[in-house]
Amino acid sequence: MTILKTHCVLDRLQRVGKLSFILALWALNPAAQAGSPAQNVITTPHPLATAAGRQIIEAGGNAFDAAVAIASVLAVVEPYGSGLGGGGFFLLRTAGDTPQYRFLDARERAPLGIKPELYMRDGEIQADLSVDGALASAIPGQPAAMVKLSEQYGRLPIAASLEPAIRLARDGVEVDEHYRKWAGYRLEALRRDPGSARLFLSDGELPAQGRRIKYPELAASLQRLADHGRDGFYSGELARRLVDGVRKSGGAWTLEDLSDYQVVEREPLRWKLPHGGELISSPPPSAGGLVLVQSLGMLHSLPWRQAEPVQRAHYVVETLRRAYRDRGVLGDPDFVEMPLERLTTADYLQRQASSIDPERATPSSSLPPTEPWREGDHTTHFTVLDVQGNAVAATLSLNSMFGAAFTVPGTGILLNNEMDDFAIDVGGSNAYGLRGTAPNALAGGKRPISSMAPTFIESNQDFATFGTPGGSQIPSMILISLLAYLQGEPASSWVALPRYHHQYLPDLITHEPDAFSKAERDELQSLGHRLEQVATYGNQQSIHWNKLTGKIEGASDPRGMGTTEILPAQPAPTQQNPLR
């Protein structure tokens, strides 16, 4: 396939005359020669999650054990973004002479007995039924993914990896400004559910910053997972409580829905770069990986490297416009045949690129039509690399902030509202008044399409991870970071660059306040683009491992409160923990 022509790290080093020096350093660096990093690196969106990852690494765990600890702690400290009641995607790199990549699809599934009619009143789709409350919730996948990571890839028993989260849930977490901000967006929905109001609010109002909130019921649920593994959540007493609570509140879950849920281990979407590197990203039911491949493939035919800032933004926007248009043909690959090969061929991407006018915006209405779509915009992302070379990039979600704003009584588990990511009424409208698409139509047991896109790039010279929350804006954020990586910028730049976005429909560029100057906005408008300024968004976490120098860099988005820790190698356990 013909794709974006990158300049690999060697090319960049040769241009600045440092290649011989770097090769000499490499010859003296056993970790680089062995194909493994000299240090562990953890970057997460919350200091307590980073600390939990560090604790597990220092206890002899690997990247997969650390990922379990981080994901479970984020469920406690960021209840607005992810949790036991949600799901997500885990992109894995397993160390070896030839690294292997796996993609754990822990996306939520629709209950088996779900029907569009349940979301209708008097013959009309009711928007709130797929957004707030028990009927908005799909079957969670995050607990099953954490168990699979621990049992199949980790070193430590899951009880050890869940201990930091259990302790935090029991002892409590202080409310910070981010919690108050996101809870404010969902205040009315949280007030309507007695369980959520009791846990997340104070007398029906936002809790004061610094107030400590304790989650004893969530601690007990996490303990069941620690004691019984998968069965601690998907069968037994906790499963019965979940089903009873959901059904009493109007939802459609059954015990069979829980017992049938499985994490699906898929082949990642892989895309060869011309100088030996490779993009490894998320396959369907993620649409994010496809958007990245198509955008990079089209940019290969365009002179984006040499372009001035406005011209480059124009090229990026036009590729995103076309890539996002194709998103409408995707769905759950277990239900719908995916046309990935057709959508990623060199000829197809060349034709798409050739339709871009360098001096004029292409109206989205002039492109072959596809259906618009909508998804929640709040998730969380973290990434870990250990000294063996194992790595995890994970994007987790409840969909909207605080999900369905429904907490199952007696469990402390806040549920997702991923049912709103389906096209509930194909040919009509979904909860947002947008027309649905058949590939993403609601069906029992189906997973809704998503933009979450944990991503790696790897070559003989380096390894890099990318990912962020942000709903439909995720692929455009990652694309901007990838272009910075391809130009040799440091990871700290990837996560901090100003962001702009286009998703085919609505036909406009949304952008952060500092993405464009006034003159640049005027110039983009003169090309026919419509622009709309939005608040800052996203919370990227990235890692870069330079295999030639052994240098490790972790970067956490300055927009958030995330932290990075780089840790020395720890002695590996001589055998698996006997408690396993």
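In my numbering, the protein residues as written are 60 to 639.
Glycine included, each C-beta is placed from N, C-alpha and C at the ideal position.
Alpha carbon of residue i to alpha carbon of residue j, nearest angstrom
i, j, result
"residue 545", "residue 94", "22 Å"
"residue 556", "residue 181", "48 Å"
"residue 491", "residue 598", "Only weak support is given to the placement of residue 491: the predicted model assigns it a pLDDT of 29, under 50, and the value that follows is read from those uncertain coordinates. Going by the C-alpha atoms only, they are around 25 Å apart."
"residue 269", "residue 138", "16 Å"
"residue 161", "residue 154", "12 Å"
"residue 185", "residue 262", "29 Å"
"residue 589", "residue 321", "43 Å"
"residue 564", "residue 595", "20 Å"
"residue 255", "residue 178", "22 Å"
"residue 583", "residue 577", "10 Å"
"residue 248", "residue 502", "26 Å"
"residue 554", "residue 308", "41 Å"
"residue 533", "residue 380", "14 Å"
"residue 129", "residue 103", "8 Å"
"residue 615", "residue 600", "5 Å"
"residue 324", "residue 378", "30 Å"
"residue 38", "residue 392", "The question about residue 38 has no answer, for the chain in this structure spans 60 to 639."
"residue 449", "residue 517", "13 Å"
"residue 200", "residue 287", "16 Å"
"residue 281", "residue 226", "10 Å"
"residue 111", "residue 318", "30 Å"
Whole-Å CB distance - residue i paired with residue j, under 8 Å assumed
i, j, result
"residue 221", "residue 133", "The pair is not a contact, with the Cβ atoms about 12 Å apart (cut-off 8 Å)."
"residue 120", "residue 213", "7 Å"
"residue 569", "residue 340", "Residue 569 to residue 340, Cβ: 23 Å. No contact."
"residue 452", "residue 524", "5 Å"
"residue 561", "residue 376", "5 Å"
"residue 265", "residue 246", "7 Å"
"residue 349", "residue 385", "7 Å"
"residue 483", "residue 175", "5 Å"
"residue 145", "residue 462", "6 Å"
"residue 475", "residue 167", "6 Å"
"residue 466", "residue 301", "With a Cβ gap of about 11 Å, residue 466 and residue 301 do not count as contacting."
"residue 480", "residue 508", "7 Å"
"residue 272", "residue 626", "In fact, because the Cβ distance is near 29 Å, the residues do not count as touching under 8 Å."
Burial state of residue i (16 or more Cβ within 10 Å)
i, result
"residue 228", "buried"
"residue 477", "buried"
"residue 447", "buried"
"residue 531", "buried"
"residue 572", "exposed"
"residue 405", "exposed"
"residue 540", "buried"
"residue 445", "buried"
"residue 299", "exposed"
"residue 164", "buried"
"residue 326", "exposed"
"residue 606", "buried"
"residue 192", "buried"
"residue 159", "exposed"
"residue 438", "buried"
"residue 276", "buried"
"residue 296", "exposed"
"residue 497", "exposed"
"residue 506", "buried"
"residue 353", "buried"
"residue 622", "buried"
"residue 420", "buried"
"residue 142", "buried"
"residue 224", "buried"
"residue 365", "exposed"
"residue 113", "buried"
"residue 617", "exposed"
"residue 500", "buried"
"residue 423", "buried"
"residue 587", "exposed"
"residue 311", "buried"
"residue 619", "buried"
"residue 157", "exposed"
Practice item. Can you check the region 250-306 for any alpha helix (DSSP H) of at least 4 residues that lies completely inside it and give the ranges in chain order? Key: 253-259, 275-287, 290-293
Review point. At a cut of 8 Å, does the region 102-115 reach the region 456-471 through at least three beta carbon pairs?
Key: no
Point to revise | Stretch pair the region 285-300 + the region 201-211: three plus CB contacts closer than 8 Å | key: yes
Review point. Touch check for the region 409-425 and the region 573-582: three-plus C-beta pairs under 8 Å?
Key: no
Review point. Mind pulling the alpha helix (DSSP H) runs of 4 or more residues that sit fully within the region 539-585?
Key: 550-555, 577-585
Check your understanding: Any contact of the region 344-363 with the region 499-515, i.e. 3+ C-beta pairs under 8 Å?
Key -> yes
Check your understanding: Which whole runs of the beta strand (DSSP E) in the region 329-355 are 3 residues long or more, in chain order?
Key -> 337-340
Review point. Unbroken alpha helix (DSSP H) runs of length 4 or more, entirely within the region 461-527: which are they?
Key: none
Exercise for review: Quick one: which unbroken alpha helix (DSSP H) runs of 4-plus residues sit fully inside the region 152-210? Chain order, please.
Suggested key: 201-207
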